[in-house]
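Novice:
Protein chains in written order, with the working numbering: chain A, 261 to 547; chain B, 261 to 547; chain C, 261 to 547; chain D, 261 to 547.
#1: Please decide whether residue 518 (chain A) counts as near chain D, where near means a Cβ-Cβ distance under 8 angstroms.
#2: Let me check understanding here. Comparing Cα to Cα, which of B:389, B:428 and B:406 lies closest to residue 440 (chain B)?
#3: Measure the C-alpha to C-alpha separation of residue 261 (chain D) and residue 528 (chain D) and round it to an integer number of angstroms.
#4: List, from N- to C-terminal side, the beta strand (DSSP E) runs of 3 residues or more that fit wholly inside the segment 454-529 of chain B.
#5: What are the residues that DSSP puts in a beta bridge with residue 357 (chain B)?
#6: Can you have a look at residue 370 (chain D) and say buried or exposed, based on whether 16 or more other CB atoms are within 10 angstroms of its CB?
#7: To which residues of the same chain is residue 298 (chain A) closer than 6 angstroms at the C-beta, ignoring the five residues directly before and after it?
#8: Cutting at 8 angstroms between CB atoms, please list the residues of its own chain near residue 438 (chain D), excluding the five before and the five after it.
#9: What separation, rounded to the nearest whole angstrom, lies between the Cα atoms of residue 347 (chain D) and residue 401 (chain A)?
#10: What are the start and end residues of the alpha helix (DSSP H) that includes residue 266 (chain C)?
#11: What do you reckon, are the CB atoms on residue 451 (chain C) and residue 430 (chain C) nearer than 8 angstroms?
#12: When you compare the CB of residue 261 (chain A) with every CB in chain B, is at least one pair closer than 8 angstroms?
#13: From the DSSP output, in three-state form, read off residue 414 (chain C) for me.
#14: Step through the CB atoms of chain D and report whether any lies within less than 8 angstroms of the CB of residue 290 (chain B).
#15: With 8 angstroms as the threshold, decide whether the Cβ of residue 472 (chain B) is near any Cβ in chain C.
#16: With DSSP run on the structure shown, which of helix, strand or coil describes residue 333 (chain A)?
#17: Helix, strand or coil for residue 349 (chain D)? Go by DSSP, reduced to three states.
#18: So which residues of chain C does residue 497 (chain D) contact, with C-beta pairs closer than 9 angstroms?
#19: Considering only DSSP beta bridges, list what residue 341 (chain A) is partnered with.
#20: Indicate whether the contact test is met: 3 or more Cβ pairs, each with one atom in the segment 529-538 of chain D and one in the segment 264-273 of chain D, closer than 8 angstroms.
#21: Measuring CB to CB, does residue 384 (chain D) end up less than 8 angstroms from residue 418 (chain D)?
#22: Please report the distance separating the alpha-carbon of residue 304 (chain A) from that of residue 290 (chain C).
#23: Looking only at DSSP bridge pairs, what is residue 313 (chain B) linked to?
#24: Cα separation between residue 372 (chain B) and residue 382 (chain C)?
#25: I'd like to know if residue 293 (chain B) contacts chain D, where contact means its C-beta is closer than 8 angstroms to some C-beta of that chain.
#26: Run through chain A and tell me which residues come within less than 8 angstroms of residue 543 (chain B), C-beta to C-beta.
#27: Please name the residue, chosen from D:461, D:309 and D:482, that lies closest to residue 473 (chain D) on a Cα-to-Cα basis.
#28: Consult DSSP for residue 399 (chain D) and reduce its assignment to one of helix, strand or coil.
#29: Helix, strand or coil for residue 424 (chain B)? Go by DSSP, reduced to three states.
#30: So, with DSSP's three-state summary, where would you put residue 532 (chain C)?
#31: Using beta-carbon positions only, say whether residue 275 (chain A) and residue 327 (chain A) come within less than 8 angstroms of one another.
#32: Can you tell me which residues form a DSSP beta bridge with residue 542 (chain A)?
#33: Using a 10 Å radius around the Cβ and a threshold of 16 neighbouring Cβ atoms, would you call residue 295 (chain D) buried or exposed?
#34: Check the DSSP bridge columns for residue 451 (chain A) and list the partner residues they point to.
#35: According to DSSP, residue 302 (chain A) sits in a beta bridge with which residue or residues?
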């Protein structure tokens, strides 16, 4: 994910004939060299999704002007929901952790190797356990312990921290607390959770114990946007791993950590690269 | 799975020290050349599972005598559940089908190429659709349509057919009917079903429609023994396939057929080769 | 793969700005309801690939007229290689077999269940082994044994049979003979072979023996178009399966058959659905 | 991989009847509670491999005495190669790196989360790039630049460092230099390399470029012990990832890093847990 001087346009609207032709013709007229183009039509729900990315080098208008042009052109004609991004704009990503370090280290590693081109202004946790690890990488660490009694005010403090640091999206790297509706409302489709099962199987607590009890031959993990219903938000990414009767619960937990790492990383990467559109609790993740 | 002059001993008992030593020492004393040995200890439930297979060429006693010896030796000492099989004894397998032919063809193909060394005395169906296909391969086809009203007597007819043909086990190759308790009671852990989802996700009807609605990124299939609780029996085998937003329900169904074929074949193969032990609704499938 | 009243246009040309806009605008003008659109730019070689499929229901011109229009429009402007197909045109597929039946059965099964909407006018083999199986399905079987001495004239006989039956493409379902250049010349990118290894590893004879010797932990199979260089043609599809030290050569062969079946089926399906473009010994396989 | 008070016995010898019985009977007599037992017979080469692990709690003899007993018992009778380890003995692992950080971070992460229960006395590199990262974790970093001229003396310096720190085994975490025979001789089957291709495909330099050129549909990585022949040592672990025509060389490199991480981690874990036996350039990796 190296630096690219491109713009990304994401489109969601009802399916009609001619959308691709109209959008690509407009871009061609403005001198866009398209470097990525993919679209999808959900024929069940007659919805159209599109992602187009173009080089800004020879683009004849500024992005603000393009916004104005597009608003009165295809966006209006097809009644589109759409967003426009400049690839070089670095997003600010907050990480929420609990006691497990494996997902945290994986994310940090991808950030240090520039696979994730983001800023990480802060780590928030309900425990002290990972303070030292965050400190190694010079990332401010906020310990905000949650109890039943203080949940409301602590959530308020979390939100204030996120807003103060202009956080664009939040990654729950095995943060074991439920996210309250007031935070979800502010960061809709911008809070990414990793659930340690192959959803919809084994939602809720202790999924590896559930998997052991059921005797499944494959375990998995699911990266999804957080919604108010627990473990039921739009799925971004899933992966699985074959297991057998030889795996104890502890073995499932250990094996599962590798899947969690990988799934969360892919979900975060798709979000950073603005490849996700969400409709009707389902995602379109462009490749 | 070529012809082998071997015996297979399957053991299940509470875990104790010394079982492997005792069993292998007994076999060594009797001249057994062990060609397969694997065991498993479920430490959660303190159960011991073992599968041992030996060449009968130089075995110094007949299998009936060995049964007597073993009964008074390790089997008694450790209070084992156990079964002994001669590999060359061909099992009789009944196939139940409905309208879908893909699993039926796959099974027949493996039978014709001798991957499955079994006899197939009959196919039973609630529809006429596959009569011609069974006929191509010279397999008798029984059309036993099921309705709410006649379920009980039709089940009785099915059981009589199975017993008349000395059927050892039943494969439900996308047979879309519920198996009544009276048949399950007779063929406990001997009726293999393929469910077209990655259980425990999406049990019951129309799993691919459910998968589409939920927006999962991976679909799967599950081969399991039939128990009274629907889609909740001991899992023998599972496999999955990555899908994306591009897959309509129809695409999921088509993609899923490949997984169903493969999973059912592996489950049936493990059963034929007597590699499965079941305890507490979980299977041990030896490799 | 049900009957569809659509046209498929496949395009290959040097990459230029505006191709998508031009083609989709032309189609929109002619009333095409696009049901599939995907394109790919190989930036290494600056080549552009596109597949577009549209409903012919409301298309305002016949396909012959469209050919004329397109020839003088985008095809000329961008100097395209292109082909146009009507989806309902059934292709004629010949199957070449040797002694192994597993791939043959798999293909026949997909043909009988209408996953493959083709005609199969003949099976050609250098052995008699599968005559009975072809006969079961009413497919004419030609036994053309190949020796070093008669290879040239036997090849001639094969070609005459293929041409007499208007065969569109050939599937080598574990046909263990080398295809001579004169046949490859006629059926360029229309002969699909399954090689039983993960190419470029283990080309040539006895790949499972090679895999065992090397001690690999994963085996695979490769579906590819046949070119004059052995096992070096454009790869269409590959799949793999994890193995371990427990697998003898015989186990690898048995396990491999499942991969071969699956890979060949996917390669054939992509070819039937006209989703493959080939350039520079590499394929673009649209999803 | 938590602390375990167990002993691990690894056995390699010619296959004979009765080995399992003899070894398990001896252990049972000495009060061993066996917590792991697996064996393998390579029937091609008539070799027997075994790994047995037992709890030392109630074991009636010390490990030194057991060595003496075993030497004169089964080891002698069957002319075994064997090794005995106490699980709690922490091994010392050296890491060699070049400029890529992804494998380094992954290993460090597993060490910090105690998945790898080893000591890491030093990192050696031919570049300065990762000095800061090693420093974050307090690991001494030795910069030993290699040129054609100084290879011999620099290798000597490396060996001296390894010996001074009592290093048990070496992990080449994308160290891009060839290991000279004099080091391989000292650390036979104790130097683990990650090669960024699915061997035997694409050995040597720039495997992702080779993979792109060949147009493969799956890429992979291979963890192996280093031998004098480049990329030809005993394979410990392999994994793969599906790719498509959409992947540029850069995409293959990025995708591949995830596979490399995972494969190297699994290979290192198997080595730490003493689950690997090597014979005839092939490994037996017990699960």
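We put the beta carbon where it would ideally sit given N, CA and C, even for glycine.
Specialist: The relevant details are as follows:
#1: yes
#2: B:406
#3: Confidence is the limiting factor: at residue 261 (chain D) the pLDDT is only 43, short of 50, which leaves the residue's position unreliable, though a coordinate-based value still follows. When rounded, the distance between both Cα atoms is 13 angstroms.
#4: Those beta strand (DSSP E) runs which fall completely within the segment 454-529 of chain B and span 3+ residues are 478-485 and 495-502.
#5: B:385
#6: Burial call: buried.
#7: 311 and 546
#8: 490
#9: 36 angstroms
#10: Segment 266-274 is the beta strand (DSSP E) holding residue 266 (chain C); no alpha helix (DSSP H) there.
#11: yes
#12: Below a pLDDT of 50, predicted positions are generally treated as unreliable, and residue 261 (chain A), at 42, falls in that range; the measurement from the model is reported next regardless. No, because no Cβ of chain B sits closer than 8 angstroms to the Cβ of residue 261 (chain A).
#13: helix
#14: Not one chain D Cβ lies under 8 angstroms of residue 290 (chain B).
#15: no
#16: coil
#17: coil
#18: Residues of chain C passing the Cβ test: 477.
#19: A:272
#20: yes
#21: yes
#22: 25 angstroms
#23: B:268 and B:296
#24: 21 angstroms
#25: Yes, residue 293 (chain B) counts as interfacial toward chain D.
#26: 475 and 505
#27: D:461
#28: coil
#29: When secondary structure is reduced to three states using DSSP, residue 424 (chain B) falls in the helix class.
#30: Annotated three-state conformation of residue 532 (chain C) is helix, per DSSP.
#31: no
#32: Assignment of beta-bridge partners to residue 542 (chain A) by DSSP yields A:539.
#33: exposed
#34: A:430
#35: A:307
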